[in-house]
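Student: Below is one structure. I have some questions about it.
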Amino acid sequence: MHLFHQNLNRSLTKNPTKQKPQKSLNIDAPLHVTGRTQYLDDMPELAGTLFAKVFASSVAHAHINSIDFSAAKKMEGVHRIISHSDIPGENQIGGIIADEELLASTEVHFIGMPILIVVAETDIIAHKACALITVEYVEKAVITDPVIAYEKGQFLSSPLHFESGNTKDAFKNCAHVFEGKAYSGGQEHVYLETQGAYAIPQGNGALKVYSSTQGPTAVQRTISRILGVSMNQIEVDVNRIGGGFGGKEDQASPWAAIVALAATILNKPVKYILERGEDLRMTGKRHPYTSHYKIGLDEDGKILAYEADYYQNGGAAADLSPAVLQRTLFHGTNSYYIPHVNLNAYSCKTNVPPNTAFRGFGGPQGMFVIEAAIHRAAREMKMSAIDIQSKNLLFEGAEFPYGQIAEDCEATRCWDQAKEEYDFYSLETEVKEFNATHQTKKKGIAFMPICFGISFTNTMMNNARALVHVYSDGSIGISTGAVEMGQGVSSKMIQVAARSFGVDPSNVKLETTNTTRVANTSPSAASATADLNGKALQDACQQILDRLNAFLAKEWSCAHDSLDYENGTVSHYDSKQGMTWEELIQLAFSKRINLSAKGHYATPKIHFDTKTSKGHPFAYHVYGTAIFTCTVDCLRGNYEFDAVQIVHDFGASMNELVDLGQIEGGLVQGIGWMTLEELIYNEKGQLKSGNLANYKVPDIYSVPKKVDVKYLDAEGADLAIYKSKAVGEPPLMYGIGAYFALYNAILSFNPKAEMEYDAPMTAEKVLMGLYGEVVL
Ligand code: LUZ
Ligand code: MOS
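Going by my numbering, the residue at position 427 of the sequence shown is 430; the numbering climbs one at a time, nothing skipped.
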């Protein structure tokens with residue numbers, strides 16, 4: 004604990020931009036540290052609330068012959084057992100593709116697939132009742148490997164293809180061509196708050212649902228489909244959630260639909276909060292990928308051509324897999340310019356829970372493959388990977404394989420600033436000397452540049468709305484579509500309203516995220532929440548300001564564009580007139596000025612043609628470079644990260660502490676994915692890493708001993724809120740550097756190490772690399 008906090012204090016290097024940096028804190032911090040933050044399960048329950056529990060499949064692929072729940076039904080305290088045949092609407096929860104039943108009707112496709120809902124007076128009774136249910140299955144062949152699914156032609160969606168230049172011809176002109184495989188594993192979200200929802204019938208056929216979701220509208224839409232009622236009958240409300248990381252973008256919906264269904268059938272409030280074990284077993288995770296690469300370079304290490312085939316382990320239903328697959332292609336060349344590129348991606352259907360969004364959304368998987376290809380080329384060509392990386396960095400005006408032109412490209416500036424500020428040459432010398440003088444410990448270095456596109460890749464989703472009320476006493480209430488999940492978006496929304504009206508943030512109250520106040524929201528995802536909702540909020544504030552300006556200009560006989568709102572006052576400099584914000588609002592209210600507004604924002608300039616896979620899908624890109632150094636214990640295979648030193652492109656950060664927290668959290672989560680977190684399903688489709696004792700997430704002992712983050716001196720992007728660039732997902736991809744730093748340390752102990760590019764780099768794999776396959 005200690006160590007980390009000391010580092011935290013030191014790691015904040017001042018934003019060098021001329022823009023006045025905002026020293027705002029995370030407004031939730033006092034609540035969190037005093038334990039007063041209210042999550043879904045902290046809500047007082049209404050009298051008569053019942054508790055739901057899912058009875059789930061215990062086999063990964065089967066036909067259901069018969070189900071016997073007669074004993075469970077008779078149990079004292081059990082109110083109802085609900086099956087697919089009780090669903091009044093459509094038994095369907097698939098968002099992009101309609102291929103997923105809420106409750107299995109005739110077949111089950113993964114272990115943990117919901118079959119029945121038990122509704123009882125307590126959670127414990129529901130749990131005991133589940134144990135009395137028996138199912139007769141006729142088991143079918145189970146597939147857990149995406150390549151086997153590919154060979155059998157089992158896909159969740161159509162293959163995707165991105166191409167630029169002509170790789171076939173280009174490979175002929177390459178001095179070096181290398182082909183190989185790369186694997187990256189899945190990742191469990193481990194949001195601290197498990198999935199859950201609470202549905203309360205409103206007495207008139209309508210339903211109010213509290214849900215731990217990133218996507219209130221997705222929940223609303225799913226419930227309306229299941230119940231066969233229109234969306235206006237369903238109100239979804241989210242106060243905040245205890246982490247999401249993508250796991251609650253689409254996969255919060257089934258639990259909400261389950262309580263909504265039970266509440267409707269029984270006409271009682273129904274709640275369901277998943278136990279950790281249920282959540283681990285029943286929900287999807289980051290997609291594991293098996294990939295094949297082919298990279299061609301000239302004598303100097305310039306990459307001329309790159310091909311990759313990606314086999315995505317999609318799980319048993321499409322969920323968000325097609326969109327995740329597409330983002331893999333968008334980030335297939337990471338932060339590099341490669342003139343000839345040919346990428347193919349397949350979403351493969353397997354018998355594990357449907358995999359889903361996870362911070363980075365397929366991007367990290369694509370980036371791992373190009374980094375593996377570069378590492379391999381460097382090894383074969385006896386060059387440093389760092390040289391190959393630096394020679395191929397994206398530059399201003401370069402065209403991405405999807406047709407967008409790199410504008411305000413910061414790839415080289417981040418790289419160069421990192422190299423300089425962290426004195427790479429001394430670092431390199433130190434590591435060389437250490438390795439020359441130590442036999443059982445070796446150090447490794449790796450650079451990890453990142454480039455991440457900001458916008459939902461589905462252009463349609465890039466819009467948002469906000470509702471602002473200024474009350475007659477001058478206090479302000481704001482609602483947006485943004486869901487607070489620990490990322491600090493609440494703080495940013497309050498900043499936007501306060502800054503717009505020139506008042507202190509304490510005058511602004513942020514309301515819950517609610518589908519009745521703000522409709523048709525995109526999920527809080529794609530790193531774009533603060534941009535989209537912040538700009539919609541700005542629009543609403545501006546509408547109110549325009550009315551106030553017009554009103555005041557008349558009162559004061561001045562020009563309406565010469566009014567200043569600052570420090571809780573409004574003033575007109577030339578005529579020396581002024582009044583407090585509260586006085587203004589009281590006066591405006593007495594003159595019947597409209598003090599409420601609804602704002603809207605749709606990202607301009609973006610477009611994408613899915614037929615040609617070309618366009619301008621992203622509002623802007625975020626760049627950065629991380630330098631990893633690690634030490635491997637060559638007797639035990641253990642390792643630690645000495646330092647991760649980053650230059651990150653924040654643009655002009657509007658909240659430095661919140662943004663720094665995102666970098667540190669994303670980095671550590673990325674390191675976890677690449678090193679410790681090993682998700683294992685056996686051949687029967689059983690999750691072997693099914694609890695947090697055998698699925699290891701980073702803890703205080705495994706975080707890098709030093710994390711330093713420096714601001715790139717940058718202007719920021721116009722399409723970012725206050726030019727403060729999106730910061731949620733990009734830092735996760737720095738974690739990929741951890742894998743290659745470890746690989747390099749192993750190579751300095753055993754230059755002949757034969758290791759596949761197979762993440763995560765667990766201590767066991769390190770040991771294999773150090774000594775070869777035959778250790779025991
Ligand atoms: N969700 C989504 C995302 O629906 N589309 C995206 O492009 C995306 N990108 C990152 C994270 N979530
Ligand atoms: Mo996300 S992976 O931005 O829900």
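C-beta: ideal position from N, C-alpha, C; glycine also. None of these values were measured; they are calculated from a predicted model.
#1: Under DSSP, the beta strand (DSSP E) around residue 580 begins and ends at which residues?
#2: Can you name, in chain order, every residue of its own chain whose Cβ lies under 6 Å from the Cβ of residue 618, other than the five neighbours on each side?
#3: Excluding the 5 residues preceding and the 5 following residue 119 in the sequence, name in chain order all residues of the same chain whose CB lies nearer than 6 Å to its CB.
#4: Below 8 Å on the Cβ atoms is my guess for residue 333 versus residue 366; work out the distance and round it to an integer in Å.
#5: Within the present structure, is the beta-carbon of residue 605 separated from the nearest heavy atom of the ligand LUZ by less than 7 Å?
#6: With distances taken Cα to Cα, identify the nearest neighbour of residue 539 among 499, 264, 349 and 721.
#7: Using 7 Å as the cut-off, classify the Cβ of residue 572 as near or not near the heavy atoms of the ligand LUZ, replying yes or no.
#8: Please report the straight-line C-alpha distance between residue 116 and residue 61, rounded to a whole angstrom.
#9: Residue 529 and residue 459 look like a contact to me (Cβ under 8 Å); what is the Cβ gap, rounded to whole Å?
#10: Answer with buried or exposed for residue 354, where buried requires no fewer than 16 other C-beta atoms within 10 angstroms of its C-beta.
#11: With the cut-off set at 8 Å, would you say residue 111 and residue 55 are in Cβ contact?
#12: So, helix, strand or coil for residue 9, using DSSP?
#13: Could you give the uninterrupted runs of the alpha helix (DSSP H) lying entirely in the stretch 730-769, keeping only those of 4 residues or more?
#14: By the 10 Å Cβ neighbour count, where 16 or more other Cβ atoms means buried, how is residue 205 classified, buried or exposed?
#15: Classify residue 47 as helix, strand or coil using the three-state DSSP reduction.
#16: Give me, in chain order, the residues of the same chain whose beta-carbon lies closer than 7 Å to that of residue 147; leave out the 5 immediate sequence neighbours on both sides.
#17: What is the residue span of the beta strand (DSSP E) that residue 645 lies within?
#18: How would you label residue 772, buried or exposed, when you count the other beta carbons within 10 angstroms and need 16 or more for buried?
#19: DSSP state of residue 131, grouped into three classes?
#20: Could you pull the DSSP bridge partners for residue 602 from this structure?
#21: What residue range does the alpha helix (DSSP H) around residue 667 cover?
#22: Smallest Cα separation from residue 678: which of 691, 584, 665 and 698?
#23: Is residue 451 near the ligand LUZ, with its Cβ less than 7 Å from a heavy atom?
#24: Just to confirm the assignment, what range does the alpha helix (DSSP H) spanning residue 153 have?
#25: Mind reading off the beta-carbon distance from residue 703 to residue 370? Whole number of angstroms is fine, and I expect it under 8 Å.
#26: Using only CA atoms, which one of 606, 560, 742 and 524 lies nearest to residue 642?
#27: Between which two residues does the beta strand (DSSP E) containing residue 566 stretch?
#28: Are there 16 or more other CB atoms within 10 angstroms of the CB of residue 503, so buried, or fewer, so exposed?
#29: DSSP has residue 336 in a bridge; who is on the other side?
#30: With DSSP as the reference, label residue 116 as helix, strand or coil.
#31: What does the alpha-carbon distance come out to for the pair residue 95 and residue 485?
#32: Pairing CB atoms from the stretch 591-602 with CB atoms from the stretch 460-479, are three or more of them under 8 Å?
#33: State yes or no: is the C-beta of residue 449 within less than 8 Å of the C-beta of residue 744?
#34: Whose CA, out of 198, 737, 249 and 774, lies closest to the CA of residue 262?
#35: Say the cut is 7 Å; is the CB of residue 29 nearer than that to a heavy atom of the ligand LUZ?
#36: For residue 576 versus residue 653, is the C-beta distance shorter than 8 Å?
Tutor: The relevant details are as follows:
#1: Within the sequence shown, residue 580 is the residue found at index 577, counting from 1. From DSSP, the beta strand (DSSP E) with residue 580 extends over 580-583.
#2: As a position in the sequence shown, residue 618 is number 615, starting the count at 1. Only residues of its own chain outside the window of five on either side were considered, and among them 406, 610, 611 and 612 have a CB closer than 6 Å to the CB of residue 618, listed in chain order.
#3: Residue numbering aside, residue 119 sits at position 116 when the sequence shown is read from its first letter. Counting only Cβ-Cβ distances below 6 Å, and skipping sequence neighbours, we find 58, 84 and 86.
#4: Counted from its first residue, the sequence shown places residue 333 at position 330. Counted from its first residue, the sequence shown places residue 366 at position 363. Between residue 333 and residue 366 a beta carbon distance of about 7 Å is seen, short of the 8 Å cut, so the two are scored as contacting.
#5: In the sequence shown, the residue the question calls residue 605 occupies position 602. Judged by the Cβ position, residue 605 fails to qualify as a neighbour of the ligand LUZ at the 7 Å threshold, every heavy atom of the ligand being at least this far.
#6: The residue you call residue 539 lines up with position 536 of the sequence shown. Across the set 499, 264, 349 and 721, the C-alpha of 499 shows the shortest separation from the C-alpha of residue 539.
#7: Mapped onto the sequence shown, residue 572 falls at position 569. Taking non-hydrogen atoms of the ligand LUZ into account, the C-beta of residue 572 is found less than 7 Å away from none of them.
#8: Sequence index remark: in the sequence shown, residue 116 carries index 113 (1-based). Sequence index remark: in the sequence shown, residue 61 carries index 58 (1-based). Each residue's Cα considered, the two are about 8 Å apart.
#9: For this step, residue 529 is matched to residue 526 along the sequence shown. For this step, residue 459 is matched to residue 456 along the sequence shown. Contact between residue 529 and residue 459 holds: CB atoms are separated by about 5 Å, below the 8 Å threshold.
#10: For the purposes of this step, residue 354 is taken as residue 351 along the sequence shown, with counting starting at 1. Buried, because 16 or more other Cβ atoms sit within 10 Å of the Cβ of residue 354.
#11: Position 108 of the sequence shown holds residue 111. Position 52 of the sequence shown holds residue 55. Not closer than 8 Å, so no.
#12: The residue labelled residue 9 in the question sits at position 6 within the sequence shown. Confidence at residue 9 is low in this model, with a pLDDT of 35, below 50, so its placement is unreliable and the value that follows should be read with caution. Note: residue 9 maps to helix in three-state DSSP.
#13: Counting only runs of at least 4 residues, the stretch 730-769 fully encloses the following alpha helix (DSSP H) elements, listed from N- to C-terminal order: 739-752.
#14: For the purposes of this step, residue 205 is taken as the residue at position 202 of the sequence shown. Exposed, by the Cβ-count rule.
#15: In the sequence shown, residue 47 corresponds to position 44, counting from 1. DSSP places residue 47 in coil when its eight states are reduced to three.
#16: As a first step, residue 147 is located in the sequence shown; it is residue number 144 there, counting from the start. Contacts found: 353, 354, 355, 684, 686 and 688.
#17: Locating residue 645 in the sequence shown gives position 642, where the first residue counts as 1. It spans 642-651 - the beta strand (DSSP E) in which residue 645 sits, taken as one unbroken run.
#18: Residue 772 sits at position 769 when you count from the first residue of the sequence shown. Answer is buried; the Cβ neighbour count reaches 16.
#19: Along the sequence shown, one-based indexing puts residue 131 at 128. Helix.
#20: On the sequence shown, position 599 is the one that residue 602 refers to. DSSP lists 469 as partners of residue 602.
#21: For the purposes of this step, residue 667 is identified with residue 664 of the sequence shown, where counting begins at 1. Unbroken alpha helix (DSSP H) run through residue 667: 659-678.
#22: Here residue 678 is taken as the residue at index 675 of the sequence shown, counted from 1. The alpha carbon of residue 678 has as its nearest neighbour, out of 691, 584, 665 and 698, the alpha carbon of 698.
#23: For the purposes of this step, residue 451 is taken as the residue at position 448 of the sequence shown. Every heavy atom of the ligand LUZ is 7 Å or more from the Cβ of residue 451, so no.
#24: In the sequence shown, the residue the question calls residue 153 occupies position 150. If you look at residue 153, you'll find it in the alpha helix (DSSP H) that goes 149-154.
#25: Counting from one through the sequence shown, the residue named residue 703 turns up at place 700. Counting from one through the sequence shown, the residue named residue 370 turns up at place 367. Contact doesn't hold; Cβ gap of about 27 Å is too wide.
#26: To locate residue 642, count along the sequence shown from 1; it is residue 639. Distances from the alpha-carbon of residue 642 to those of 606, 560, 742 and 524 put 742 closest.
#27: Along the sequence shown, one-based indexing puts residue 566 at 563. First-last of the beta strand (DSSP E) with residue 566: 566-569.
#28: The residue you call residue 503 lines up with position 500 of the sequence shown. Within 10 angstroms of the beta-carbon of residue 503 lie 16 or more other beta-carbons, which makes it buried.
#29: For the purposes of this step, residue 336 is taken as residue 333 along the sequence shown, with counting starting at 1. Residue pairing by DSSP places residue 336 opposite no residue, since no beta bridge is assigned to it.
#30: Walking along the sequence shown from the start, residue 116 turns up at place 113. When DSSP states are grouped into helix, strand and coil, residue 116 belongs to the coil group.
#31: Counting from one through the sequence shown, the residue named residue 95 turns up at place 92. Counting from one through the sequence shown, the residue named residue 485 turns up at place 482. If I take the Cα positions, the gap works out to 26 Å.
#32: Touching, yes.
#33: Here residue 449 refers to the residue found at position 446 of the sequence shown. Here residue 744 refers to the residue found at position 741 of the sequence shown. Closer than 8 Å, so yes.
#34: As a first step, residue 262 must be located in the sequence shown, where it is residue number 259. It is 198 whose Cα lies nearest to the Cα of residue 262.
#35: Residue mapping note: residue 29 aligns to position 26 of the sequence shown, counting from 1. No, Cβ of residue 29 sits at least 7 Å from all heavy atoms of the ligand LUZ.
#36: Within the sequence shown, residue 576 is the residue found at index 573, counting from 1. Within the sequence shown, residue 653 is the residue found at index 650, counting from 1. For residue 576 and residue 653, no; Cβs fall outside 8 Å.
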